[in-house]
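Protein chains: 2
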Amino acid sequence: MKLLIEKNILQESLNYVSKALSTKNIIPVLNGIKFELNNEGLSLTATDNDITIKTLIDKKDIKKIEEEGCTVIYSKSLLEIMRKLSNTDILIENFEDNKISFTTESGAVYNFSCFLKEDFPNINLETKQDYIKVNSNDLKTMINQTVFACSLQESRPLLTGVNIKITGDLLECIATDSYRLSKKIIKLDSPTTENINIIVPSRNINELIKVIDSDDEIEIHTFSNKIIFKQENIIFQSSLLNGTYPNTDNSIPRDFKYKIKLNLKEFYNIIDRASSISQSKDKNIVDFEIIKNKLIIKAASLESKMEESMNVENETENDIKISFSAKFMLEALKILETEEIYILLNGEISPIILKETGNENLIELILPMKTF
Amino acid sequence: MKLLIEKNILQESLNYVSKALSTKNIIPVLNGIKFELNNEGLSLTATDNDITIKTLIDKKDIKKIEEEGCTVIYSKSLLEIMRKLSNTDILIENFEDNKISFTTESGAVYNFSCFLKEDFPNINLETKQDYIKVNSNDLKTMINQTVFACSLQESRPLLTGVNIKITGDLLECIATDSYRLSKKIIKLDSPTTENINIIVPSRNINELIKVIDSDDEIEIHTFSNKIIFKQENIIFQSSLLNGTYPNTDNSIPRDFKYKIKLNLKEFYNIIDRASSISQSKDKNIVDFEIIKNKLIIKAASLESKMEESMNVENETENDIKISFSAKFMLEALKILETEEIYILLNGEISPIILKETGNENLIELILPMKTF
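Next comes the structure, spelled out in structure tokens:
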């Protein structure tokens, strides 16, 4: 392999694929990035056997291709050197089977060890004829609005993933840790023929967000055991969690006895202060009370207590008292974007529902806490 | 105690004193901040029995003083609530001996527990008639340019502190971990009568930097067992380390066989990249070689190696090869401020000296590493 390429172009691609590098060092070759130079251009691949990311630098973006080839470069110092180097043309050349040199315009030389390319996992990244197209901004927002609600506990492994369902022209994304739930629906431009119901590990979906570019459309290719996201010259493949995600449709109430409209920012700030008081207590409990058009928030710990109130629109005019985790409420409020929001209730032991005003496609659910 | 005060004014003082709060919870009352309201104003004090910080909010900056008094408030939730609250007038009132309430203009109420004021350590913060005055910017710079070289190892406790010496009109600050040393000299406006040679714990001096305001002069009051820094309405007191700091004067050579002048930024960037290569190796060793007016830097690890060169002015025209820790070199280079610097050498096993061009008051010393 021998080529001349601008550092910044190479670095951009390296940054993308590096998200798939293994953080554990169990299989040495997974610390490597595969460089493949052929008549299409230079493609880079990294994998931890769970996520695989492949990018292609088109041959028109490479200054000189002198000799095609393939090698797997030990990535740790390579990535650091690329990050610290200012832009320059780099001559990349395999000078022994297991060594590669990077030479800059000013004559600085960096040599890196290579792994045997035969040891690098042979991962099938073939896409399908039949795929879904989504606006990448919509996809990013959907992930950000749901993934935080995933469980972190391995005791219920399926809940550590995000449930993605596609039926007709609806793409649904659901995450829950069984104490709170977040659900977002996107309407697709054209309906799919195939019904899809899969679970993507939350760690992988968090890496996906870092790789998606906001401006373009993204293709989603689903398989029985994996999912591929494809955008221009980047392919992101993730494994799936095996199993059937619990059906959450029935846990979200449709009718409510209480409908409260309030200013999001004011409410967030009060809950945020309440969380400072309650935090030394288990579970971070805050008391929420509606008396006519007044909302009262109370929190207490051994060393301190607080009481604040704000005006709300109480559309049903019933009073109610309910308690919940300040931490879960803050995380749910953080992803809502309208100036005013709805809090929908049925009673002090029924789920609390949060919605943006004028948007039925995003639903946040928090289970109340019993304080008696 | 009863007073009305603007939140932002109170918060500024709280931020200063909070730097002295104990991070360990061994003595509960050290989690408290002492509030003392008298005819001068409101003074706040916090201490961990090693650092003590006291601030005074002048009575002219307090909206209403209704009742003088003294109490020690549990600080954890108090500090968080103050940080999260937007500016408002706050009515502060002791309503039981061990409770205090903070009420905002909008009617939000926060109650905090208080400790018995008798349990709070009675710390003497009296200053002296005879003190030193330093420009606070100069003091800050001096600390930043030395404290990083302190030892972190408790096995040589004196080296975990910064040595401050005052003789005549010279204020000297020295730090060393026995592998490298940093020394800065400030000329005082007027000479002192008393010779001073003390050791201030590096942790404390790092907290001092956060409290110093850059614009004003600062008073330094030294005692046999403590040091007080005083600036306007803030008093910062630190304990001292007991013992005699090693005399470092003889370890800094005065004459040199090699005098190399080079561009600081270019050299820093090369060493920074070299540190990426050598880092997996013990001690982070980099090879430095001068051949006429060319400096060559080499580093190698099991997986990679590098070689870079730059032009330098070699005033003595002797060639030399020397090795050192990239980490220590980077830390020393970071605090130098001139565009070009001097590297002064006597041979491959003698100390490496770094100086700014045109400034004899800052000396950096790094011991070379043997690589044979």
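Protein sequence lines correspond, in order, to chains A and B.
For the first sequence, my numbering assigns the number 1 to the initial residue and increments by one for each residue that follows.
For the second sequence, my numbering assigns the number 1001 to the initial residue and increments by one for each residue that follows.
Glycine is no exception: its CB is placed at the ideal position from the N, C-alpha and C atoms.
At a cut-off of 8 angstroms, the C-beta of G1168 (chain B) has no neighbouring C-beta in chain A. When the five nearest sequence neighbours on each side are left out, the beta carbons in the same chain lying within less than 8 angstroms of the beta carbon of A274 (chain A) are those of V286, I297, K298, A299, M306, E308, A326, in order along the chain. Collapsing the DSSP output to three states places D97 (chain A) in coil.
Looking at the DSSP output, L1030 (chain B) sits in no beta bridge, so it has no partner there.
Here L302 (chain A) is exposed: its Cβ has fewer than 16 other Cβ atoms, across all protein chains shown, within 10 Å. For the segment 108-119 of chain A, residues whose beta-carbon sits nearer than 8 angstroms to a beta-carbon of chain B comprise A108, V109, Y110, N111, F112, S113. Looking at the DSSP output, I1270 (chain B) shares a beta bridge with no other residue.
Within the same chain, and ignoring the five residues on either side of L240 (chain A) in sequence, the residues whose Cβ sits closer than 7 angstroms to its Cβ are I198, I199, V200, N225, K226, I227.
Its Cα nearest to that of K84 (chain A), the residue B:I1277 stands out among B:I1277, B:L1345, B:S1350. Here I353 (chain A) is near L344 (chain A), since their CB atoms are less than 8 angstroms apart. For L262 (chain A), the CB contacts under 6 angstroms within the same chain, skipping 5 residues up- and downstream, are V312 in chain order.
In this structure, the beta-carbon distance from R203 (chain A) to F328 (chain A) does not fall below 8 angstroms. Spanning the alpha carbons of L1021 (chain B) and L1014 (chain B) requires a straight line of approximately 11 angstroms. Annotated three-state conformation of I205 (chain A) is helix, per DSSP.
Proximity of S1202 (chain B) to chain A, defined by a Cβ-Cβ separation below 8 angstroms, is not satisfied.
Proximity of M306 (chain A) to chain B, defined by a Cβ-Cβ separation below 8 angstroms, is satisfied. Judged by DSSP secondary structure, M1142 (chain B) falls within the alpha helix (DSSP H) whose first and last residues are 1136-1144.
For the set A:L336, A:M369, A:N346, A:P351, the Cα lying nearest the Cα of G358 (chain A) is the one of A:L336.
For R180 (chain A), no CB of chain B lies under 8 angstroms from its own CB, so it is not counted at the interface with that chain. Residue pairing from DSSP places I1053 (chain B) in a beta bridge opposite B:A1046, B:F1236.
Assignment of V211 (chain A) by DSSP, reduced to helix, strand and coil, places it in the helix class. The beta carbon of S238 (chain A) is closer than 6 angstroms to those of I51, V200, N204, I227 in its chain, skipping five residues each way along the sequence.
The segment 1157-1166 of chain B makes no contact with the segment 1249-1263 of chain B; the number of CB pairs closer than 8 angstroms stays below 3. Contact of L330 (chain A) with chain B is not assigned, every C-beta pair being separated by 8 angstroms or more. In the structure shown, Y1016 (chain B) adopts helical secondary structure according to DSSP, grouped into three states.
Looking at B:L1264, B:I1053, B:N1008, the one whose alpha-carbon comes closest to that of I1081 (chain B) is B:N1008. Going by beta carbons, T1160 (chain B) and L1152 (chain B) fall inside the 8 angstroms limit. Rounded to the nearest angstrom, the gap between the Cα atoms of K321 (chain A) and L1010 (chain B) is 34 angstroms. Cα atoms of G41 (chain A) and I92 (chain A): separation of roughly 14 angstroms, rounded to the nearest angstrom.
Here R1156 (chain B) carries a coil assignment [DSSP, helix/strand/coil]. When beta bridges are read from the DSSP output, V286 (chain A) appears opposite A:F324. Here the C-alpha atom of G243 (chain A) lies approximately 58 angstroms from the C-alpha atom of S1323 (chain B). Within chain A, the residues placing a beta-carbon under 7 angstroms from that of D1272 (chain B) are K84, ordered along the chain. Less than 8 angstroms separates the beta-carbon of A1149 (chain B) from that of A1175 (chain B). In the three-state reduction of the DSSP assignment, Q1011 (chain B) falls in the helix class, which pools H, G and I. With the rule of 3 Cβ pairs closer than 8 angstroms, the segment 66-74 of chain A counts as touching the segment 105-124 of chain A.
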